[in-house]
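Everything on this sheet refers to the single structure shown next.
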Amino acid sequence: MASASDPEPAVAQAAPTQRVGFVGLGAMGKGQAACLARHLQASGAPPLLVFNRDASKTQQLLADPQLPAGSVEAAESLEAVARACDVVFTMLAHDGAVREVAQQLAAAFAAAGPAAAGSAGSGAGGSGAHTPRIVVDSSTVSPDTTREMAAVMERVGAQYVACPVLGRPDAAAAANLLIFCSGPEDAKQRIAPYLACMSRKVLDLGGEAHKANVMKLLANFHLVSLIELLAEGMTLAEKNGIPRQSYMSFIDEILPVPIVHGYGSRIAADAFGAGAGFTVTLGLKDVNLMRRLAESSEAPLPLADVAYQHLLAAKANGMADRDWAALAVAVRRNAGLTGPPPPPPAEGQAQGQGQEEQ
Numbered sequence: 000m001a002s003a004s005d006p007e008p009a010v011a012q013a014a015p016t017q018r019v020g021f022v023g024l025g026a027m028g029k030g031q032a033a034c035l036a037r038h039l040q041a042s043g044a045p046p047l048l049v050f051n052r053d054a055s056k057t058q059q060l061l062a063d064p065q066l067p068a069g070s071v072e073a074a075e076s077l078e079a080v081a082r083a084c085d086v087v088f089t090m091l092a093h094d095g096a097v098r099e100v101a102q103q104l105a106a107a108f109a110a111a112g113p114a115a116a117g118s119a120g121s122g123a124g125g126s127g128a129h130t131p132r133i134v135v136d137s138s139t140v141s142p143d144t145t146r147e148m149a150a151v152m153e154r155v156g157a158q159y160v161a162c163p164v165l166g167r168p169d170a171a172a173a174a175n176l177l178i179f180c181s182g183p184e185d186a187k188q189r190i191a192p193y194l195a196c197m198s199r200k201v202l203d204l205g206g207e208a209h210k211a212n213v214m215k216l217l218a219n220f221h222l223v224s225l226i227e228l229l230a231e232g233m234t235l236a237e238k239n240g241i242p243r244q245s246y247m248s249f250i251d252e253i254l255p256v257p258i259v260h261g262y263g264s265r266i267a268a269d270a271f272g273a274g275a276g277f278t279v280t281l282g283l284k285d286v287n288l289m290r291r292l293a294e295s296s297e298a299p300l301p302l303a304d305v306a307y308q309h310l311l312a313a314k315a316n317g318m319a320d321r322d323w324a325a326l327a328v329a330v331r332r333n334a335g336l337t338g339p340p341p342p343p344p345a346e347g348q349a350q351g352q353g354q355e356e357q
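So that you can map any letter, position 17 of the sequence shown is 16 in numbering that gives the first Met the number 0, and since no number is skipped, the others follow by simple counting.
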C-alpha cells in the first residue's frame, strides 16, 4: 500500500491457510468477490466463503460462468462465515447494516474463542499462536460508525480495517477500484494481497480505521460537486439557447477526463436509468454523511448543501432509483425548464443490500 507521497511497495504474501469470507453481494460486492475468488484459487488458498441476506445474490455469483469451478462456497449463515474465516470482507449499503453485521460477527467470534494459528479461523501455520481475525469493511459509512465497530472488534480480540472503495460496478468487476485503507498495520499487511487483486491502487491512510471513511466522503464530495457544476452550467447554457451537446463539446475540450464526460453525457441525454450505478437514494445517504462530518468538523460545505436539496427534490419527483446525476432534473425545473422525463431504470438496476457503488 502507498501513501500519497510514497512509492508503491511490494505486496506482502498472505498466508495460504487463511480462510477468507465475503458478506454483501450487491452490484459492487459481487465484482469484488469474483476478483477475490480468482485470486484465492490461483494462490492455492481455500475457496472464498460468501453470504448474502438475499440468497438469490449468492446463487448468481455461484452460477457465474467466468469464475473457476470450486472457487466460491456459500455459507448457510453469517455466523458460519465468522466461525470458518480468518478474514471477512463486508460490502453493505448503509451504516445500520454495517453495525448489525459487525456486531453479529463479533458475537460469533467471541463464542468461537480465539483462533489458533494453522486451524480454520486462523492465520499463520503451526505455531499454536493466536492470530487475530480481521473484518475488512468496504462500505461507505460515517467515520463514527467505523470508530465504534473497531472498538467492538477490539473487545473480542479481532481487528477492523476500513477499506471503502471508489468506482462503479464495472470497475469492481475489472479489479479497477481505488481503495482507501486504514487500520492496524499488521492487519493491513495480512490483507494487502486481497486488496491488490481487486484494485488499481490502494491509498493507505494510516492506523486509525476511520480515516479511510473521511477520505471516501471527501471523494464523493468532489463527485457530487462535479455533478452539480455540470447541471448548473448546462441549465444556464440551455436557458440561453446553447444546446446541451454544444455545452458538452466545450466541457470535453477543457476537462478531457472520463468521469467528467460520463456524468456530463448522462445529464445531456437525460440518461439516468440505463447503466445506473449509484442512485439518488444512496447519494442522499452519502451527502448527508459528508454534511454531518462537515458540521462536527466546523468546516462548512455549501456545495454539499445545495446538492443535497437537489437530490432530495429528485427523489420527491419519483427518481429515487435513478443515477444520482438526476439531481440535474431539479436544477432544470428550478430554472423553469421542463423537458421530457428521464427514462425508467433499466431492468435490474434498483438498488438493494450490499450495493454500495460510488
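No residue lacks a Cβ here, since even glycine has one placed at the ideal position from N, Cα and C.
Report task. Out of A218, N212, I258 and R189, point me to the one whose CA is closest to L229's CA. Result -> I258
Query raised in the report: Is it the case that the Cβ atoms of P163 and N212 are separated by a distance below 8 Å?
Result: yes
Query - Rounded straight-line distance, which links the Cα of L311 to that of L300 - result: 17 Å
Requested in this report: Consult DSSP for H93 and reduce its assignment to one of helix, strand or coil.
Outcome: coil
**Report entry** Backbone CA spacing between M247 and V256 [nearest angstrom]
**Finding:** 12 Å
Requested in this report: May I have the straight-line CA-CA distance separating L177 from V160, to the nearest angstrom?
Outcome: 16 Å
Query raised in the report: Any C-beta of chain C sitting closer than 8 Å to the C-beta of A319?
Result: Although the question refers to chain C, the structure presented lacks it and comprises just one protein chain.
Query - Closest Cα partner of L66 within the set A73, K284, K56 and A36 - result: A36
Query raised in the report: By how many angstroms is the C-alpha of A268 removed from the C-alpha of T89?
Result: 35 Å
Query - Whole-Å CB distance - Q380 paired with L77, under 8 Å assumed - result: There is no way to answer for residue 380, as the model of the chain reaches only from 0 to 357.
Report task. Count the CB pairs spanning the stretch 149-159 and the stretch 17-31 that are closer than 8 Å, and state whether there are at least three. Result -> no
Query raised in the report: Using the beta-carbon count (16 or more within 10 Å), is S55 buried or exposed?
Result: exposed
**Report entry** C-alpha gap between T57 and A68, whole angstroms
**Finding:** 15 Å
**Report entry** Sequence-distant residues of the same chain with beta carbon closer than 7 Å to G284, five excluded per side
**Finding:** With the sequence shown as reference, residue 284 is identified as Lys, and Gly is not the correct amino acid for it. Result list for K284: H93, in chain order.
Query raised in the report: Is it the case that the Cβ atoms of A306 and E252 are separated by a distance below 8 Å?
Result: no
Query raised in the report: Going by beta carbon distance, what residues of the same chain come within less than 7 Å of L61, once the five residues before and after it are set aside?
Result: V71 and A73
Query raised in the report: Any idea what DSSP makes of D143, helix, strand or coil?
Result: helix
Query raised in the report: On the three-pair Cβ rule with 8 Å, is the stretch 215-224 touching the stretch 184-195?
Result: no
Query - Cβ neighbour criterion (16 or more within 10 Å) applied to S295 - result: exposed
Query - Run of the alpha helix (DSSP H) containing L310, from where it starts to where it stops - result: P301 to A315
Query raised in the report: What are the start and end residues of each continuous alpha helix (DSSP H) run of 4 or more residues lying completely inside the stretch 234-305, in chain order?
Result: 243-253, 257-268 and 279-296
Query - P168 beta carbon less than 8 Å from that of M318 - result: no
Report task. Could you give the DSSP three-state label for E72: helix, strand or coil? Result -> strand
Requested in this report: Rounded to whole angstroms, what's the CA-CA distance from E322 to A83? Just pull it up for me.
Outcome: Just to set this straight, residue 322 is Asp in the shown sequence, not Glu. Their backbone Cα atoms lie some 37 Å apart in a straight line.
Query raised in the report: In its own chain, which residues sit with a C-beta less than 6 Å from the C-beta of L194, not counting the 5 before and 5 after it?
Result: I178 and V201
Query raised in the report: In chain order, what residues of the same chain lie with their CB nearer than 8 Å to the CB of L336, ignoring the 5 residues before and after it?
Result: T234, E237 and K238
Query raised in the report: Hey, out of E75, N287 and C34, whose CA is closest to G217's CA?
Result: Reading the sequence as shown, one finds Leu at residue 217 and not Gly. Nearest of E75, N287 and C34 to L217, Cα basis: N287.
Query raised in the report: CB A32 to CB L48, shorter than 8 Å?
Result: no
Requested in this report: Pick helix, strand or coil for R82, following the three-state DSSP scheme.
Outcome: helix
Query raised in the report: What are the start and end residues of the alpha helix (DSSP H) that includes R331?
Result: L326 to N333
Query - N- and C-terminal bounds of the alpha helix (DSSP H) containing D169 - result: P168 to A172
Requested in this report: Assign S181 to one of three DSSP states: helix, strand, or coil.
Outcome: strand
**Report entry** Best match in C34, A327, A324 and N333 for proximity to A174 [C-alpha to C-alpha]
**Finding:** C34
Query raised in the report: Who pairs with Y159 in a beta bridge, going by DSSP?
Result: V134
Query raised in the report: So, is P192 buried or exposed, given that buried needs 16 or more other C-beta atoms within 10 angstroms?
Result: buried
Report task. Quick one: give me the first and last residue of the beta strand (DSSP E) that L47 is part of. Result -> L47 to F50
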